[in-house]
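Trainee: Residue numbers (my numbering): 139 to 300. Have a look at this one.
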Amino acid sequence: LLQDHQLHAAELERTFIAIKPDGVQRGLIAEIVSRFERKGFKLVAIKIVVPSKEFAQKHYHDLKERPFFNGLCDFLSSGPVVAMVWEGEGVIKYGRKLIGATDPQKSEPGTIRGDLAVVVDRNIIHGSDAPKTAKDEIALWFSHGELVSYTSNAEKWMYGVN
Ligand code: UDP
Ligand code: MG
């Protein structure tokens, strides 16, 4: 059972999640949103955008030396992406668990990539991999005013502070 100050701290953990152009074109937006939502994470920002190639390069700057970098940035900027921020206790690490391993051939069944994707360069979803990248990615994709802080009615039932 969490104390009030711990609940407050838990509320502040946020991660950046994006449904890539393949996930959008395949009609998987609702399926993916629903997996985060029914777990109990809270949606605090969402928009649909077509990122420029320069923007995609910024998003994936950590991977610029990798052979797949150019193709990856071309693909991310090839069509609409659903950009989101999700909030909740442990959401960065657990969000990655919901998503599954990078290569869908290795993702467990039950994960988003395990259930819905087949190859690594069309793995339908992005999620921040650590607190620092979550902070940077949220700041890259969203302005402060696009993030909505609110108390959901379910929270006291989710976290046990009644
Ligand atoms: N990727 C790829 N080929 C590879 C490895 C990665 O096309 O051999 C793509 C894949 O879409 C992946 C993205 O590059 O989601 C970013 O790679 P990263 O290692 O950060 O994986 P993620 O964090 O998305 O699981
Ligand atoms: Mg990554």
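For each residue, glycine too, the CB sits at the ideal point set by N, CA and C.
Grab the span of the beta strand (DSSP E) containing leucine 181 for me, first residue to last.
Mentor: Run containing leucine 181: 180-187, per the beta strand (DSSP E) assignment.
Trainee: Using 6 Å as the cut-off, classify the Cβ of threonine 271 as near or not near the heavy atoms of the ligand UDP, replying yes or no.
Mentor: Checking the Cβ of threonine 271 against the ligand UDP gives no.
Trainee: Could you give the uninterrupted runs of the beta strand (DSSP E) lying entirely in the region 188-270, keeping only those of 3 residues or more?
Mentor: Runs found: 219-225, 263-265.
Trainee: DSSP puts alanine 156 in a beta bridge; with which residues?
Mentor: Ala221, His264.
Trainee: May I have all residues whose beta carbon comes closer than 5 Å to any heavy atom of the ligand UDP, sorted in chain order?
Mentor: Those residues are Phe206, Leu210, Thr240, Val258, Asp259, Asn261, given in chain order.
Trainee: Expressed to the nearest angstrom, what Euclidean distance is found between the alpha-carbon atoms of phenylalanine 154 and valine 182?
Mentor: Whole-angstrom Cα-Cα distance: 10 Å.
Trainee: Mind checking proline 189: buried by the 16 CB within 10 Å criterion, or exposed?
Mentor: Burial call: buried.
Trainee: DSSP three-state label for arginine 164, please.
Mentor: Note: arginine 164 maps to coil in three-state DSSP.
Trainee: If we count Cβ pairs, one from each stretch, closer than 8 Å, do we get three or more for the region 152-171 versus the region 213-230?
Mentor: At 8 Å Cβ cutoff, the stretches touch.
Trainee: Using a Cβ-based criterion (distance less than 6 Å to any ligand heavy atom), does aspartate 328 qualify as near the ligand MG?
Mentor: Nothing can be reported for residue 328, as the shown portion of the chain is limited to 139 through 300.
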